[in-house]
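Asker:
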Ligand code: IPD
Ligand code: CA
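Here's what the structure looks like:
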């Protein structure tokens with residue numbers, strides 16, 4: 007498949023099939039959700055993760071696409087005769103804990119790239135599966151929320167800013183003090199438990215930036231969200247203000263700041279301690 011071809015329809019088909027595939031699991035919310043071992047990204051796999059992954063793979067195959075899969079669950083797999091044609095980086099369900107508890111914030115994330123490198127991602131979809139809202143982007147063509155063009159926030163001061171911030175469990179005693187100044191100077195902070203979708207909130211200007219310096223989050227969670235933010239006019243860097251150009255690999259983790267505009271980005275970076 008050429009990079010010029012329109013991925014919007016294919017990605018939306020993936021989303022529709024993921025929605026169908028997860029429905030039976032939503033009916034079992036009060037039942038125990040068994041762990042099916044560990045995924046390639048190192049987290050426990052639930053049946054719903056595998057159902058969503060299968061739905062994405064089947065949809066791409068039905069479109070006769072040859073691809074190399076990079077998935078948080080199955081890791082690396084090749085499909086079709088020319089799998090080097092494109093790389094599909096997915097987190098089938100981002101926010102599995104939310105989903106299995108009935109917390110209404112979980113997503114599916116799909117990124118398409120020419121090579122298994124973050125900078126090569128050229129098409130992306132993140133779907134808010136609970137509210138059935140899709141965020142989609144193609145390189146050079148902008149970012150859209152359910153078909154409407156979106157733009158990042160133009161708020162430039164922390165006093166007015168609502169920042170997404172992930173302090174979720176990992177090395178919190180080490181990480182939290184590095185963010186104290188930033189938290190103190192911001193208007194509010196938020197964390198909802200599905201970072202792929204929280205990146206779309208930055209893209210849509212609902213939040214002004216998102217900060218995750220735990221060094222735990224995987225490329226599978228963010229590959230799609232990063233393109234959506236950039237296409238919406240925002241920016242993403244590491245904490246040294248360098249481009250986050252890492253390998254797309256479920257084991258590859260990263261620290262990053264994603265912001266609606268350069269001014270607030272630089273202010274945030276000055277306050278994040280190394
Ligand atoms: C998780 C979510 C959560 C973040 C965790 C991730 P998962 O993704 O993005 O917000 O705090 O670090 O693992 O495991 O539900 O795909
Ligand atoms: Ca996941």
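Residue numbers (this note's numbering): 7 to 280.
All C-beta atoms in this analysis are idealised placements derived from N, C-alpha and C, irrespective of residue type, glycine included.
Just so you know, these numbers come straight off a predicted model, no measurement behind them.
1) Measure the CB-CB distance between residue 219 and residue 189 and report whether it falls below 8 Å.
2) Specify the secondary structure class of residue 10 as computed by DSSP and reduced to three states.
3) What's the gap between the Cα of residue 165 and the Cα of residue 249?
4) Suppose the cutoff is 7 Å on Cβ atoms and the five residues either side in sequence are ignored; what does the same chain contact list for residue 28 look like?
5) With three or more C-beta pairs closer than 8 Å as the rule, is the region 230-242 touching the region 266-276?
6) Between residue 279 and residue 184, what straight-line distance do the alpha-carbon atoms span, to the nearest angstrom?
7) Hey, residue 46 and residue 77 are a contact pair by Cβ (cut 8 Å); roughly how many whole angstroms apart?
8) Assuming residue 227 is part of the alpha helix (DSSP H), what are its boundary residues?
9) Is residue 70 near residue 23, with beta carbons less than 8 Å apart?
10) Below 8 Å, how does it come out for the region 227-235 and the region 171-180: are there three or more Cβ pairs, yes or no?
11) Just to check my reading of the structure: residue 116 and residue 139 have Cβ atoms closer than 8 Å, yes? What is that Cβ distance to the nearest angstrom?
12) Once you ignore the five residues that flank residue 252 on each side, which residues in its own chain have a CB closer than 7 Å to its CB?
13) May I ask you to verify whether the region 78-86 touches the region 30-47, counting CB pairs closer than 8 Å and requiring at least 3?
14) Taking only the alpha-carbon atoms, compute the straight-line gap between residue 262 and residue 20 and give it to the nearest angstrom.
15) Would you mind reading off the limits of the alpha helix (DSSP H) that contains residue 180?
16) If we require 3 or more residues per run, which beta strand (DSSP E) segments fall completely within the region 51-86?
17) Ligand 2 and residue 76: does any heavy atom of the ligand fall closer than 7 Å to the residue's C-beta?
18) From the DSSP output, which residues share a beta bridge with residue 271?
19) I think residue 74 touches residue 93, with their Cβ atoms under 8 Å apart; what is that distance to the nearest whole Å?
20) Short of 6 Å in beta carbon distance, which residues of its chain neighbour residue 18, apart from the five on each side in sequence? Order them along the chain.
21) Any chance you could list the alpha helix (DSSP H) runs of at least 4 consecutive residues sitting entirely within the region 108-169, in chain order?
22) Does the Cβ of residue 193 have 16 or more other Cβ atoms within 10 Å, making it buried, or fewer, making it exposed?
23) Find out if the Cβ-Cβ distance for the pair residue 108, residue 200 is shorter than 8 Å.
24) Is it right to say residue 122 is buried, meaning 16 or more other beta carbons lie within 10 angstroms of its own, or is it exposed?
25) Taking the CB atoms as reference points, tell me whether residue 119 and residue 277 lie closer together than 8 Å.
Answerer: Taking the definition as stated:
1) Taking the chain shown and counting its residues from 1, one reaches residue 219 at position 213. Taking the chain shown and counting its residues from 1, one reaches residue 189 at position 183. Cβ distance not < 8 Å, so residue 219 and residue 189 don't count as in contact.
2) As a working note, residue 10 is residue 4 in the chain shown. Note that residue 10 has pLDDT 46, beneath the 50 cutoff, so the model's placement of it is unreliable and no number is given.
3) Here residue 165 refers to the residue found at position 159 of the chain shown. Here residue 249 refers to the residue found at position 243 of the chain shown. One C-alpha to the other measures close to 26 Å.
4) Taking the chain shown and counting its residues from 1, one reaches residue 28 at position 22. Answer for residue 28: 54, 57, 58, 135, listed in chain order.
5) yes
6) In the chain shown, counting from the first residue as 1, residue 279 sits at position 273. In the chain shown, counting from the first residue as 1, residue 184 sits at position 178. Rounded to whole angstroms, residue 279 to residue 184 spans 5 Å at the Cα level.
7) For the purposes of this step, residue 46 is taken as the residue at position 40 of the chain shown. For the purposes of this step, residue 77 is taken as the residue at position 71 of the chain shown. 7 Å between Cβ atoms; contact.
8) One-based indexing of the chain shown puts residue 227 at position 221. 225-237 is the span of the alpha helix (DSSP H), which, as asked, contains residue 227.
9) Working through the chain shown from its first residue, we reach residue 70 at position 64. Working through the chain shown from its first residue, we reach residue 23 at position 17. The answer is no: Cβ separation not under 8 Å.
10) no
11) Here residue 116 refers to the residue found at position 110 when the chain shown is read from its first residue. Here residue 139 refers to the residue found at position 133 when the chain shown is read from its first residue. At roughly 15 Å, the Cβ-Cβ gap does not stay under 8 Å, so residue 116 and residue 139 are not in contact.
12) As a first step, residue 252 must be located in the chain shown, where it is residue number 246. Here the set comprises 124, 225, 258, 260.
13) yes
14) One-based indexing of the chain shown puts residue 262 at position 256. One-based indexing of the chain shown puts residue 20 at position 14. Their Cα atoms are separated by approximately 28 Å.
15) Position 174 of the chain shown, counting from 1, holds the residue named residue 180. Taken as a continuous stretch (DSSP letters only), the alpha helix (DSSP H) holding residue 180 covers 178-191.
16) 73-77, 81-85
17) As a first step, residue 76 must be located in the chain shown, where it is residue number 70. No, the beta carbon of residue 76 sits no closer than 7 Å to any heavy atom of ligand 2.
18) Taking the chain shown and counting its residues from 1, the one referred to as residue 271 is at position 265. According to DSSP, which records beta bridges pairwise, residue 271 is partnered with nothing at all.
19) Looking up residue 74 in the chain shown gives position 68. Looking up residue 93 in the chain shown gives position 87. Going by Cβ atoms, the distance from residue 74 to residue 93 rounds to 5 Å, so yes, they are a contact pair.
20) Taking the first residue of the chain shown as position 1, residue 18 is located at position 12. Closer than 6 Å at Cβ, skipping near neighbours: no residue.
21) none
22) Working through the chain shown from its first residue, we reach residue 193 at position 187. Flag for residue 193 reads exposed.
23) Within the chain shown, numbered from 1, the residue matching residue 108 stands at position 102. Within the chain shown, numbered from 1, the residue matching residue 200 stands at position 194. Result no, Cβ atoms of residue 108 and residue 200 do not sit closer than 8 Å.
24) Translated into the one-based positions of the chain shown, residue 122 becomes position 116. Its Cβ being crowded by 16 or more others within 10 Å, residue 122 is buried.
25) Here the question's residue 119 lines up with position 113 in the chain shown. Here the question's residue 277 lines up with position 271 in the chain shown. No, Cβ-Cβ distance for residue 119 and residue 277 is not below 8 Å.
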